[in-house]
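Before any comments, here is the structure.
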């Protein structure tokens, strides 16, 4: 071989130096999962061998129901169908011209007003509704409220489009070109979408924003479905087990606001709900858009976190609240604050009503995000900003939760003492 | 505004689905750091308030020295200079033609043979050398062995090049074009590099592969230097503290081969040595090539891990052992196995000699990587492969270490019992 010098060095940064701009750390995520499983596996086995299965499914049911023969929360959920059908009926009348736009708006307003106040009244007045049952029912009603609001808006937009003379244009606009269609599905145009089938597809679809033609995946992948189902069952089990064997004793015995478990529960809940459950539902319904969350773990500002951890709600706020406000001439700042107010209201609604305590902690927690966002955005950048966001999640969130838990236990303990 | 439909969905995968191909998780790394700091901060404060500073610097020194007035390991390191000077002297004689190539090879062979056997003999025969002191001295000698081997090879290649008639070509080849030069430095060509200054720059530079003209960074960044120095001090403190307050009692009281601490110690050692210390040295010496490790955390095969976690050694093996073997006509498989054998030999050398026990655990641990690599490569792919690599690191490594620790304690305990 010809003599050579085999040079082997060139100027370059280490990957972990921030200057390198390297950010591919999928392996670290796997490491976290492996560590989580390994460090729990031995504890799990030891615990199982020692105590048997402590997790009590009956006790879980009792979280939802006080009296197994009366299911107030479940009844509430069944009643919710009435509001769905009223919204559909109103839209049909509007499309036929039987209702004027004004009457239609009035019916929708009343329907949604009742939709949001009626379950709250039931939960507040009926003593047989448990906090967990009440919170579940109210969550479902809130989701439905957002969905029906979107349904009303989109159908209104369709009528506005149809009323324009250029009918051809409206038809091509109703099927935006960036959507991908699988072979079998044919596109639906305006009055054709007002069917029970279409309505219930939207009600069950993992989105809050109505569209006449959702992007659909070509088929149901059974393997994908089963993996998501296994994850759902696994995390349900882990969440309930952790809550029963770990959280409740800690809260009862001592109040430690900086406990990490709460944060881990939230992370697992996030994965369980936003990845496993929503992907499961989407796969079943062949719903194509699986962007239920974005890369909030890399957030370098508080604003980025709130815009990316819950995409369905973020999309809804943008499409049906923030942008309409802008179109009506409100400034960006006012519109943004209005979004935070709305979000704060629903956070408070979903916590205060089921617990039957009005403390405004959730509301203030949401509103405190505004100065926090300003502080982090002003003083911290890059990985320091990201660390600050993580710290605010790790410390702030369990703190807010604990305020309620603390007040709830104090309240009920005092009642027990009074009752003696 | 003109009526529109505001479409907001398109077909896409969730980021955490493996199908999305998304792998930017820098935030997860920050999360690990935040969790590490937060979960240790309270413990650290409590411990400090309760016990004061338990970490004993004198005890650390005693790890290296039995008798503070005799420093055998330090003396060994000072003696190492002799071998460096012999190598430089030999190369000078070779360049002048005073030594024939054959005589030069012989002197180098003897020099390096003594370099690797002499410290081992001292450590084995001198009872005042502690295991930690012995391991440190042997590590330094091993690094020097690899460096001098590379020095000898490169100077030989230079002579081979000069001996070719086309002298112009040789000069352009001695300064490869892919290297970047800062303004002030001028390139060195063959016999001009045989100086004490050049030799000691190579001895201290964070690389094992000699080059006549290393890529240099334009200046010493003081901020970068101080950040790395702080990290070095912090991790030194943490490593020593963990070893003193945590590891030793656990090993003494009970043998738990699956303890996670060992793995965390290794991770911290990795960061301390390969990122903080090597970058610190490189910054001081304006050494441009900072690739001391690659993205081994994403390894999906065992081979990828071994090729990427320790780049200086990997580079040396490739340039001075694996490729020369290939050039001499050996097959890929034989050459690869030879690299593993060499690596296994040095692992054993660095562990057995300082502990004065020949158990072959390290040797077998390295050799066991070959079937493991086959198994993981054959049956596991993607994130599953990555998880398997992590598990083999988390479980395998502490297991090997523990075999030695166990044997060492048993041996010394028996000696103490015999001594009574």
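Chains as they are written, first to last, in this note's numbering: chain A, 1 to 420; chain B, 421 to 840. C-beta atoms are modelled at their ideal positions from N, C-alpha and C, and glycine is treated no differently.
Under the three-pair Cβ rule at 8 Å, the stretch 192 to 199 of chain A does not count as touching the stretch 276 to 285 of chain A.
For residue 572 of chain B, the enclosing alpha helix (DSSP H) stretches over residues 551 to 583.
Annotated as distal: residue 718 of chain B and residue 4 of chain A, with beta-carbon spacing of 7 Å or more.
When the beta-carbon positions are compared, residue 290 of chain A and residue 434 of chain B come within less than 7 Å of each other. Nearest to residue 707 of chain B by C-alpha distance, out of B:725, B:685 and B:621, is B:621. Taking every protein chain shown into account, the CB of residue 82 of chain A has fewer than 16 other CB atoms within 10 angstroms, so this residue is exposed.
About 13 Å separates the Cβ atoms of residue 141 of chain A and residue 124 of chain A, ruling out a contact at the 8 Å cut-off. In the DSSP assignment, residue 752 of chain B falls within the alpha helix (DSSP H) that extends over 752 to 775. Residue 227 of chain A: member of the alpha helix (DSSP H) spanning 222 to 242, first to last residue. Residue 659 of chain B places its beta carbon 7 Å or farther from that of residue 698 of chain B.
Beta-bridge partners of residue 24 of chain A (DSSP): B:444.
Contacts between residue 827 of chain B and chain A, judged by CB atoms closer than 8 Å, are missing: the closest CB pair is about 25 Å apart.
Classified as buried, residue 567 of chain B has 16 or more neighbouring CB atoms from the shown chains inside 10 Å of its CB. Among the residues facing chain A, residue 429 of chain B is included, as its CB has a counterpart in that chain under 7 Å away. Residue 289 of chain A is bridged by DSSP to B:432. By the neighbour-count criterion, in which 16 or more other beta carbons inside 10 Å mark a residue as buried, residue 319 of chain A falls on the buried side. Contact annotation: residue 770 of chain B and residue 546 of chain B have beta-carbon atoms that are not nearer than 7 Å.
Within chain B, no residue has its beta carbon less than 8 Å from that of residue 206 of chain A; the closest one is some 11 Å off.
About 6 Å separates the CB atoms of residue 629 of chain B and residue 736 of chain B; that is less than 8 Å, so the two are in contact. Proximity of chain B to residue 215 of chain A at the Cβ level (cut-off 9 Å) is accounted for by 429, 430, 431 and 432, in chain order.
In the DSSP assignment, residue 109 of chain A falls within the alpha helix (DSSP H) that extends over 101 to 125.
By DSSP's assignment, residue 216 of chain A forms a beta bridge with A:287. The shortest C-alpha to C-alpha distance from residue 774 of chain B to any of B:518, B:825 and B:442 is the one to B:825.
Residue 213 of chain A is positioned such that its CB atom lies closer than 7 Å to that of residue 187 of chain A. Out of B:458, B:518 and B:648, the CA that lies nearest to the CA of residue 18 of chain A is found in B:648. Residue 763 of chain B and residue 793 of chain B have their alpha carbons spaced roughly 16 Å apart. Straight-line measurement puts the Cα of residue 743 of chain B at about 13 Å from the Cα of residue 8 of chain A.
When A:103, A:24 and A:370 are compared, the shortest CA-CA separation from residue 304 of chain A is found for A:370.
About 6 Å separates the CB atoms of residue 407 of chain A and residue 359 of chain A; that is less than 8 Å, so the two are in contact. DSSP, read as helix, strand or coil, puts residue 310 of chain A in coil.
Among the residues of chain A, none has a CB under 8 Å from the CB of residue 524 of chain B; the nearest is roughly 17 Å distant.
The C-beta of residue 423 of chain B comes closer than 7 Å to at least one C-beta of chain A. Straight through space, the alpha carbons of residue 71 of chain A and residue 135 of chain A are spaced by roughly 14 Å. Straight-line spacing of the CA atoms in residue 215 of chain A and residue 811 of chain B works out to 40 Å. Judged by DSSP secondary structure, residue 89 of chain A falls within the alpha helix (DSSP H) whose first and last residues are 72 to 96.
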